[in-house]
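2 protein chains.
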Amino acid sequence: MSEYLQRRLLLMRLIPRQPRKKSAPELYEELTERGIETTQRTVERDLESLSALMPLVRDERSRPYGWSWTTDAPLLDLPAIDPETALTLRVMDAHASALLPPNARHRLIPYMERAETVLEQTVDNVGLRTWPDRVRVLGGGPPLQPPALTPEVFETVQHGVLERRCLDVHYRSRSRGAVTKSYRIHPLALVFREPVSYLVATIGPYRDPRHLALHRILHAELADEPAEDPEGGFDLDAFIAQGAFDYPEGDEVTLQLRLDDGTAFHLSEAPLAGDQSLTPLDDEGCLYELHATVQYTARLRWWLLGLGSAVQVLAPESLRRDIAGEIQRLAELYEVPSSG
Amino acid sequence: MSEYLQRRLLLMRLIPRQPRKKSAPELYEELTERGIETTQRTVERDLESLSALMPLVRDERSRPYGWSWTTDAPLLDLPAIDPETALTLRVMDAHASALLPPNARHRLIPYMERAETVLEQTVDNVGLRTWPDRVRVLGGGPPLQPPALTPEVFETVQHGVLERRCLDVHYRSRSRGAVTKSYRIHPLALVFREPVSYLVATIGPYRDPRHLALHRILHAELADEPAEDPEGGFDLDAFIAQGAFDYPEGDEVTLQLRLDDGTAFHLSEAPLAGDQSLTPLDDEGCLYELHATVQYTARLRWWLLGLGSAVQVLAPESLRRDIAGEIQRLAELYEVPSSG
DNA sequence: GGGGGAGCGACAAAAAACGTCGCATCGCGA
DNA sequence: TCGCGATGCGACGTTTTTTGTCGCTCCCCC
């Protein structure tokens, strides 16, 4: 029966993209491992005939020749991506562009190009070419620009986290001045906080995890030494909860707010919590009271404060005092006249 | 030469995923269109032998049998996704989960599962299985929950936008009460604003574009009538800029802020604009002044206000007055004592 | 009831794919 | 510098698969 197709399909999947490569003997090995009986000669022939059809390249600089897909090889996906999925991918990408450094999205280019092609064809069928004019993502976060990374850094760091290997990095420390230091670090995890991406790692012989902003890593290189977790293991959630990223986990509190009608409407659409309740305070429907059980986090506080006078915090008392104090400081800062 | 592989590969790509289907004669047609000379018999044979290897199904309920991939057919991508890309996809998805309704991401499940598989294998090689514990995305936007959508609505609406066909929708209008109305609408564009997704469309015979929140569309059905743009065309950016989503485009202003050191540090990492400058105001480095050319938007205002007393707006004067006014209202609301 | 399209079994010719062998080449270590 | 082993590759005859064609049957729809 048709060994042919199965073998070539598997073979194509085993070939990596360009910086990496695999030799014919290697590929032969992997094929037999996966239960395909063949000869190395056949594999060689397969590679040759495949390279006539697809963007495969052979690196002949060193003797066991290495095969790989070209960097710009278009994505060939089975089953092919459908227009709806392509659209979803695009929306996700549009959104991620505000969050991830450009280098991080670099790897997704073939996927996005594929999505683009599919969308264009769809639109073409209907006689239009105005696709990109039909979707927008409006960000809700701070209007900041993601910092640029040294091109290779993201890749290398990703590699280190994925393969659990140590990294040698040059790090421009947070303290002022352009002082850079070199460390050998044990990568533990990746954390993305709105525009900035962080690597969590232990540094050199020390055992306490730290976070390094990726854009402050000027150079990174993979070491051979395998990365080790600190004794007792590493719990990323606990690390974040203890406040490492200004995102300390708050206690659960019963939030009580007084809202104007516009804000009440928005919150009825996208609630703060599953148990949220909204009740009008008067007949005209201009004021509402909201109850909800939420986590008290810094993010919540920013958000409430940002809404300004559209929202008044009634409870918990600690949050109310907190915000009132902030307002007092603000009032002094802006020399607002007395509230009588 | 090897027509074989080329033909079967193309054939597989032409087969759609399950709700859709294509018959052997259709597929034969499309193959010849793309320059592959063959007979319909061969296509039939190909389909049969392929279905032994892959999750293809044949719908035999009506006579020109329809072929499709099963809904859960795993993604077979060439070149295969590499661990770094898989990781990036996961990060994007983690982020999108806070923004898109669950139904929207539904289509990406095969992609995410594929990414998951690749990651697990990678981690396996190194003897670990703790992959999901190594990445987190910390949101910066409001801590709201995306509203739930009627399952089919997102798909149908997407379809309408993509193929430019009218939709018949039941819409629960924004005004209070559970009144729903039915309209025939001409879909124009999709807009995503943090937790809520919108469809921009003209309604019935009217010519002015409106936005409909997707979660308030209770039911949607594709109509045969092709969708039409309003006379004079439709410009999504202009529509947004005119304030349709509380995101009116602001004028460019030269922003001047006084910041505490923590905020200054964050802004030095992720600047507000390309031309941003930051200068310390004293020797201890506790106060900084920032200049940047930015768009004056509501989003900027929320964000500045949310930062509280860590930021003082010095210019433009209009923004300063705006914020000072807001603070005065807040001070009255919270009965903050006089600022002297 | 009949016409046409679709699905499918069979067959023989044609075209590959395959394993094997042998030789040339290259890299590495002695 | 020499030699060994691994790798790449051309050639060849056999084997297997593929492919076009024909014809029969079934089913739907007119």
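Here the protein sequences come in this chain order: A and B.
Heads up, the final residue of the first sequence is numbered 340 in our numbering, and it's a clean run with no missing numbers.
Heads up, the final residue of the second sequence is numbered 1340 in our numbering, and it's a clean run with no missing numbers.
Glycine residues also receive a C-beta, built at the ideal position from the N, C-alpha and C atoms.
Values in this document were obtained by computation on a predicted structure and should not be read as measured data.
Is the CB-CB distance between residue i and residue j below 8 Å?
{"i": "B:Thr1293", "j": "B:Glu1252", "result": "yes"}
{"i": "B:Pro1195", "j": "B:Gln1158", "result": "no"}
{"i": "A:Thr297", "j": "B:Arg1105", "result": "no"}
{"i": "A:Leu212", "j": "A:Leu199", "result": "yes"}
{"i": "B:Leu1300", "j": "A:Pro143", "result": "yes"}
{"i": "A:Ser68", "j": "A:Arg107", "result": "no"}
{"i": "B:Leu1075", "j": "B:Arg1114", "result": "yes"}
{"i": "A:Ala189", "j": "B:Val1091", "result": "no"}
{"i": "B:Pro1101", "j": "B:Leu1149", "result": "yes"}
{"i": "A:Leu287", "j": "A:Leu272", "result": "no"}
{"i": "B:Val1043", "j": "B:Leu1027", "result": "yes"}
{"i": "B:Ala1331", "j": "A:Ala331", "result": "yes"}
{"i": "B:Glu1326", "j": "B:Leu1305", "result": "yes"}
{"i": "A:Arg193", "j": "A:Glu231", "result": "no"}
Determine the extent of the beta strand (DSSP E) in which residue i is found, giving its start and end residues.
{"i": "B:Tyr1171", "result": "Arg1165 to Arg1172"}
{"i": "A:Gln276", "result": "No beta strand (DSSP E) contains A:Gln276, which DSSP labels as neither H nor E."}
{"i": "A:Val253", "result": "Glu252 to Asp260"}
{"i": "B:Ile1217", "result": "Ile1217 to Pro1226"}
{"i": "A:Ala238", "result": "A:Ala238 -> not in any beta strand (DSSP E); alpha helix (DSSP H) instead, spanning Leu236 to Ala241."}
{"i": "B:Ala1315", "result": "Val1311 to Ala1315"}
Determine, using beta carbons only, whether residue i comes closer than 8 Å to chain B.
{"i": "A:Ala341", "result": "The structure shown has nothing for residue 341 of chain A, since chain A only spans 1 to 340."}
{"i": "A:Glu326", "result": "yes"}
{"i": "A:Gly250", "result": "no"}
{"i": "A:Ala270", "result": "yes"}
{"i": "A:Gln121", "result": "no"}
{"i": "A:Thr88", "result": "yes"}
{"i": "A:Val57", "result": "no"}
{"i": "A:Pro146", "result": "yes"}
{"i": "A:Leu212", "result": "no"}
{"i": "A:Ala356", "result": "Because chain A in this structure spans residues 1 to 340, residue 356 of chain A falls outside the shown range and cannot be described."}
Across which residues does DSSP place residue i in a beta bridge pair?
{"i": "B:Ile1203", "result": "B:Ile1185"}
{"i": "A:Trp302", "result": "BP columns for A:Trp302 are empty, so no partner."}
{"i": "B:Asp1059", "result": "B:Gly1066"}
{"i": "A:His211", "result": "A:Val200"}
{"i": "B:Leu1290", "result": "B:Leu1257 and B:Leu1278"}
{"i": "A:Gln295", "result": "A:Glu252"}
Who are the neighbours of residue i on chain B, taking C-beta pairs under 8 Å?
{"i": "A:Tyr288", "result": "Chain B residues near A:Tyr288: none, gap ~11 Å exceeds 8 Å."}
{"i": "A:Leu218", "result": "Going along chain B, no residue has its Cβ under 8 Å from A:Leu218, so there is no contact; the nearest lies around 14 Å."}
For residue i, which residues in chain A fall below 8 Å Cβ to Cβ?
{"i": "B:Arg1034", "result": "Ordered by position in chain A, no residue passes the 8 Å Cβ test against B:Arg1034, which lies about 13 Å from the chain."}
{"i": "B:Glu1084", "result": "Arg107, Glu155, Gln158, His159 and Leu162"}
{"i": "B:Val1169", "result": "Neighbours of B:Val1169 on chain A: none; closest Cβ ~17 Å, over 8 Å."}
{"i": "B:Tyr1247", "result": "Leu138"}
{"i": "B:Gln1040", "result": "Those do not exist, as B:Gln1040 stays about 19 Å from chain A at its closest Cβ, beyond 8 Å."}
{"i": "B:Ala1104", "result": "Thr88 and Val91"}
Going along chain B in order, which residues have a C-beta closer than 9 Å to the C-beta of residue i?
{"i": "A:Gln312", "result": "Leu1330, Leu1333 and Tyr1334"}
{"i": "A:Ile240", "result": "Arg1136 and Leu1138"}
{"i": "A:Gly66", "result": "Simply none; closest approach about 14 Å."}
{"i": "A:Asp133", "result": "Ala1189, Phe1234, Asp1235, Leu1236 and Asp1237"}
{"i": "A:His215", "result": "Glu1269 and Ala1270"}
{"i": "A:Val196", "result": "His1266, Glu1269 and Ala1270"}
{"i": "A:Leu100", "result": "Thr1088, Val1091, Met1092 and His1095"}
Taking 8 Å as the CB-CB cut-off, is residue i touching chain A?
{"i": "B:Pro1016", "result": "yes"}
{"i": "B:Arg1299", "result": "yes"}
{"i": "B:Ala1024", "result": "no"}
{"i": "B:Arg1008", "result": "yes"}
{"i": "B:Arg1013", "result": "yes"}
{"i": "B:Gly1306", "result": "yes"}
{"i": "B:Asp1077", "result": "yes"}
{"i": "B:Ser1339", "result": "Per-residue confidence for B:Ser1339 stands at a pLDDT of 49, beneath the threshold of 50, marking its modelled position as unreliable; the derived number appears in the next sentence. Closer than 8 Å to some Cβ of chain A, the Cβ of B:Ser1339 qualifies, so yes."}
{"i": "B:Arg1193", "result": "yes"}
At which residues does the alpha helix (DSSP H) containing residue i begin and terminate?
{"i": "B:Gln1006", "result": "Glu1003 to Leu1014"}
{"i": "A:His95", "result": "Pro83 to Ala96"}
{"i": "A:Val43", "result": "Gln40 to Leu53"}
List the residues of chain B that residue i touches, going by C-beta distances under 7 Å, in chain order.
{"i": "A:Pro151", "result": "Here the premise fails: no neighbours, minimum Cβ distance about 14 Å."}
{"i": "A:Ser309", "result": "Glu1326, Arg1329, Leu1330 and Leu1333"}
Quick one: which chain A residues come within Cβ less than 7 Å of residue i?
{"i": "B:Gln1256", "result": "Under the 7 Å cutoff, chain A gives no residues; its nearest Cβ is about 14 Å from B:Gln1256."}
{"i": "B:Ala1080", "result": "Arg13"}
What does residue i touch in chain A if you count any residue whose Cβ is under 9 Å from its own?
{"i": "B:Asp1282", "result": "Neighbours of B:Asp1282 on chain A: none; closest Cβ ~14 Å, over 9 Å."}
{"i": "B:Leu1319", "result": "Within 9 Å Cβ-Cβ: nothing; B:Leu1319 doesn't reach chain A, min ~12 Å."}
{"i": "B:Leu1259", "result": "Residues of chain A passing the Cβ test: none, with the nearest at roughly 12 Å."}
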